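So the mapping is simple: this note's numbering equals the position in the sequence shown, first residue as 1, plus 449.
Cβ atoms here follow ideal geometry from the backbone N, Cα and C, with glycine treated the same way.
All values derive from a computational prediction rather than experimental measurement.
Step one of this worksheet: look at the structure below.
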Amino acid sequence: MNILIMGGPGAGKGTMSEKIIKKYGILHISTGDIFRSEMNAKTELGLLAKSYIDKGMLVPDDVTNAMVKSYLMNSHHASGYLLDGYPRTLAQAVALNEVIKGTRMEIDKVIALDLPFDVLADRVTGRRICKKCQSIYHITNTPPKKEGICDVCGEPLVQRKDDTIESLSVRVQEYIKNTAPVLDYYREKGYLVTINANQSIDDVWADVQKALED
Ligand code: AP5
Ligand code: MG
Numbered sequence: 450m451n452i453l454i455m456g457g458p459g460a461g462k463g464t465m466s467e468k469i470i471k472k473y474g475i476l477h478i479s480t481g482d483i484f485r486s487e488m489n490a491k492t493e494l495g496l497l498a499k500s501y502i503d504k505g506m507l508v509p510d511d512v513t514n515a516m517v518k519s520y521l522m523n524s525h526h527a528s529g530y531l532l533d534g535y536p537r538t539l540a541q542a543v544a545l546n547e548v549i550k551g552t553r554m555e556i557d558k559v560i561a562l563d564l565p566f567d568v569l570a571d572r573v574t575g576r577r578i579c580k581k582c583q584s585i586y587h588i589t590n591t592p593p594k595k596e597g598i599c600d601v602c603g604e605p606l607v608q609r610k611d612d613t614i615e616s617l618s619v620r621v622q623e624y625i626k627n628t629a630p631v632l633d634y635y636r637e638k639g640y641l642v643t644i645n646a647n648q649s650i651d652d653v654w655a656d657v658q659k660a661l662e663d
């Protein structure tokens, strides 16, 4: 099964991705997570990405496309992939199509998590992530068992540099301008399933499973 998961900043893409890969055993490719690990390792790609990400802007298409292409080409994962946060421009959607068309990597479904923008601020400012394994928490919605410590690997939790109100506002503008047209592109192709993400995590997950198993 080859899936794309889309949605605005803080809509719950990463939270649903953790559940999808656990249940369906497919490869998780999150462009945001990859950029963050490159930033932590201070690689050339990481330093370049950081100059955009910290401000909430999209990393340029040529850089992002080349990175995703190499992940897809090097993944010989039998059960498929879950692309989280890619494509988010029409140029990226076209580039993805070039890589996958006519192969077993063709898209089966696109899940769009729909959340009103006024709910995003709480999700994003309350989020904490594990710098090591990238597990996602929220200080009130999904707190870790021990405050400030990752349940999975015991490392300290951190706040993302781009999880500020200023950066969120830029991310929302980028989403409206660049990513909303990508949703229309997949809607026209008949791949898109829109899910109400303004529900409890369990209810969103129930809807996602229903959409994937339909
Ligand atoms: P990325 O990391 O993808 O950030 P994003 O799109 O802004 O989305 P988030 O990761 O912030 O949110 P999410 O939807 O994963 O929500 P989560 O599950 O964590 O990208 C970061 C940056 O990298 C971009 O701004 C850009 O600069 C760059 N980038 C990445 N991809 C790119 C691309 N393709 N092209 C160019 N640049 C790219 O949930 C959020 C919080 O809410 C958590 O605390 C969670 O616990 C909580 N929560 C989740 N669901 C619920 C629920 N149902 N109820 C209550 N709380 C919930
Ligand atoms: Mg995410």
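Tyr-586: member of the beta strand (DSSP E) spanning 585 to 587, first to last residue. Taking a C-beta distance under 8 angstroms as the contact criterion, Ile-478 and Val-508 do not qualify as a contact pair. When secondary structure is reduced to three states using DSSP, Asn-451 falls in the coil class, being assigned neither helix nor strand. Look at the beta carbons and you see the stretch 497 to 513 touching the stretch 613 to 624: at least three pairs across the two are nearer than 8 angstroms. Per DSSP, the unbroken alpha helix (DSSP H) holding Val-631 starts and ends at 629 to 638. The residue among Leu-497, Asn-451, Lys-462, Met-450 with its C-alpha nearest the C-alpha of Asp-563 is Lys-462. Following the DSSP letters along the chain, one finds Lys-550 in no beta strand (DSSP E), marked with neither H nor E.
According to the DSSP assignment, Asp-563 belongs to the beta strand (DSSP E) that extends over 558 to 563. At a threshold of 7 angstroms, Ile-556 does not count as near the ligand AP5, since its beta carbon sits no closer than that to any of the ligand's heavy atoms. Taking the Cβ of Asp-533 as the reference point, at least one heavy atom of the ligand MG falls within a distance shorter than 7 angstroms.
Beta-bridge analysis with DSSP links Leu-531 to Ile-452, His-477. Taking the C-beta atoms as reference points, Ile-644 is found nearer than 8 angstroms to Ala-561. The residue from Gln-648, Ile-650, Asp-656 with its alpha-carbon nearest to that of Val-642 is Asp-656. In the three-state reduction of the DSSP assignment, Arg-577 falls in the strand class, which pools E and B.
Distances from the CA of Asp-511 to each of Thr-628, Ala-540, Val-568 were compared; the closest alpha carbon is that of Ala-540.
DSSP places Ile-644 inside the beta strand (DSSP E), whose first and last residues are 641 to 645. Taking all protein chains in view, the Cβ of Val-573 is crowded by 16 or more other Cβ atoms within 10 Å, so the residue is classified as buried.
Residue burial is scored here from C-beta neighbours: Asn-514 has at least 16 other C-beta atoms within 10 angstroms and is therefore classed as buried.
Using a 10 angstroms sphere on the CB of Gly-459, the tally of other CB atoms reaches 16 or more, which defines it as buried.
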